[in-house]
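*Asks:* I have a structure I would like to understand better, so I am pasting it below and will then ask my questions one at a time.
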Amino acid sequence: MMSKKQTMEALDVIASMYPDAECELTHENPFELLIAVVLSAQCTDALVNKVTPGLFAKYKKPEDYVVVPLEELEQDIRSIGLFRSKAKNIKKLSQSLIELHNGEVPKTREELVELAGVGRKTANVVTSVAFNIPAIAVDTHVERVSKRLGICRWKDSVMEVEKTLMKKIPEERWSDAHHQLIFFGRYHCKAQSPRCETCPLLEMCREGQKRMKARVKG
DNA sequence: AACTCGGGGCA
DNA sequence: TGCCCAGAGTT
Numbered sequence: 001m002m003s004k005k006q007t008m009e010a011l012d013v014i015a016s017m018y019p020d021a022e023c024e025l026t027h028e029n030p031f032e033l034l035i036a037v038v039l040s041a042q043c044t045d046a047l048v049n050k051v052t053p054g055l056f057a058k059y060k061k062p063e064d065y066v067v068v069p070l071e072e073l074e075q076d077i078r079s080i081g082l083f084r085s086k087a088k089n090i091k092k093l094s095q096s097l098i099e100l101h102n103g104e105v106p107k108t109r110e111e112l113v114e115l116a117g118v119g120r121k122t123a124n125v126v127t128s129v130a131f132n133i134p135a136i137a138v139d140t141h142v143e144r145v146s147k148r149l150g151i152c153r154w155k156d157s158v159m160e161v162e163k164t165l166m167k168k169i170p171e172e173r174w175s176d177a178h179h180q181l182i183f184f185g186r187y188h189c190k191a192q193s194p195r196c197e198t199c200p201l202l203e204m205c206r207e208g209q210k211r212m213k214a215r216v217k218g
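Using full-length UniProt numbering, read the first sequence as starting at 1 and increasing by one per residue.
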């Protein structure tokens, strides 16, 4: 496994590849951020940002999502994909917000994950972006890249990946590191087709070295 | 652990 | 055209 120092060296290289990597979901209103993060599952933030202006102009509070007919909400988010399940999720989420927290978005991860349709990843994004509580949200990109590079172990659970990253990265860089790992995973270290040939991290990458050796042999 | 949702982005 | 996706719930 990579040491703390090696991890930071790798992150510095990635930072130089994506100097502008940052969260594209920047809603100051915690409720709007929560909805935006739920919508962002399995699609890009850029796509979510196309529907949120109209959506948030129309829906201001959880009650608005609860009372609207499901079909109408589906139409309002149609262009982002998974719109049927997401529309249902948003209605359930709004209902649980009203029942558990009187319509207010709670500030702790523990309370957030109790809400319908909110997992650890969503909870971490909300606490870090809306409430400025440092966190590293582990999505599929962060998990895959961390495992390939050797920052953590292959068999690590999402929880273990998160703990390892928090241990090896200083808190003030958690947010930047999170987004840099996501950009690197999305544009270079892709799930099905990693571009090892042109990767500046190849020599320090556990999986990259393995792939290169296999290629020479095969 | 595998499956489901789904239209848009990209090769 | 076909493949891939900044998740979470269900089986």
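For each residue, glycine too, the CB sits at the ideal point set by N, CA and C.
Since the structure is predicted, the reported quantities are computational estimates derived from the model, not experimental observations.
Would you check if the distance between the CB atom of Leu-11 and the CB atom of Ala-177 is smaller than 8 Å?
*Replies:* Along the first sequence, one-based indexing puts residue 11 at 11. Along the first sequence, one-based indexing puts residue 177 at 177. Going by C-beta atoms, Leu-11 is nearer than 8 Å to Ala-177.
*Asks:* Taking all protein chains shown into account, do 16 or more other C-beta atoms lie within 10 angstroms of the C-beta of Asn-29, making it buried, or fewer, making it exposed?
*Replies:* Walking along the first sequence from the start, residue 29 turns up at place 29. Burial call: exposed.
*Asks:* Who are the Cβ neighbours of Glu-74 in its own chain at under 7 Å, not counting the five residues just before and after it?
*Replies:* In the first sequence, the residue the question calls residue 74 occupies position 74. Counting only Cβ-Cβ distances below 7 Å, and skipping sequence neighbours, we find Phe-83, Arg-84, Ala-87.
*Asks:* Just how far apart, CA to CA, sit Glu-143 and Gln-180?
*Replies:* For the purposes of this step, residue 143 is taken as residue 143 along the first sequence, with counting starting at 1. For the purposes of this step, residue 180 is taken as residue 180 along the first sequence, with counting starting at 1. Between Glu-143 and Gln-180, the C-alpha separation is close to 13 Å.
*Asks:* Give the list of continuous alpha helix (DSSP H) stretches no shorter than 4 residues that lie fully inside the UniProt domain "HhH-GPD" (39 to 187).
*Replies:* Runs found: 45 to 58, 62 to 67, 70 to 76, 83 to 101, 109 to 112, 120 to 130, 140 to 149, 158 to 168, 174 to 187.
*Asks:* Run the CB neighbour count on Val-124, radius 10 Å, all protein chains shown included, and call it buried at 16 or more, exposed below.
*Replies:* Working through the first sequence from its first residue, we reach residue 124 at position 124. The amino acid at residue 124 is misidentified as Val; the sequence shows Asn. Answer is buried; the Cβ neighbour count reaches 16.
*Asks:* Just reading off the alpha helix (DSSP H) that Gln-6 is part of, what are its end residues?
*Replies:* The residue given as residue 6 occupies position 6 in the first sequence. 4 to 17 is the extent of the alpha helix (DSSP H) around Gln-6.
*Asks:* Hey, would you say Ile-133 sits closer than 8 Å to Thr-127, going by beta carbons?
*Replies:* Reading the first sequence from its first residue, position 133 is the one you call residue 133. Reading the first sequence from its first residue, position 127 is the one you call residue 127. Yes, Cβ-Cβ distance for Ile-133 and Thr-127 is below 8 Å.
*Asks:* Do Cys-43 and Gly-81 come within 8 Å of each other at the CB atom, strictly closer than that value?
*Replies:* Here residue 81 refers to the residue found at position 81 of the first sequence. Here residue 43 refers to the residue found at position 43 of the first sequence. Yes, Cβ-Cβ distance for Gly-81 and Cys-43 is below 8 Å.
*Asks:* Taking all protein chains shown into account, decide if Ser-40 is buried (16 or more other Cβ within 10 angstroms of its Cβ) or exposed.
*Replies:* Along the first sequence, one-based indexing puts residue 40 at 40. Looking at its Cβ environment, which holds 16 or more other Cβ atoms inside 10 Å, Ser-40 is buried.
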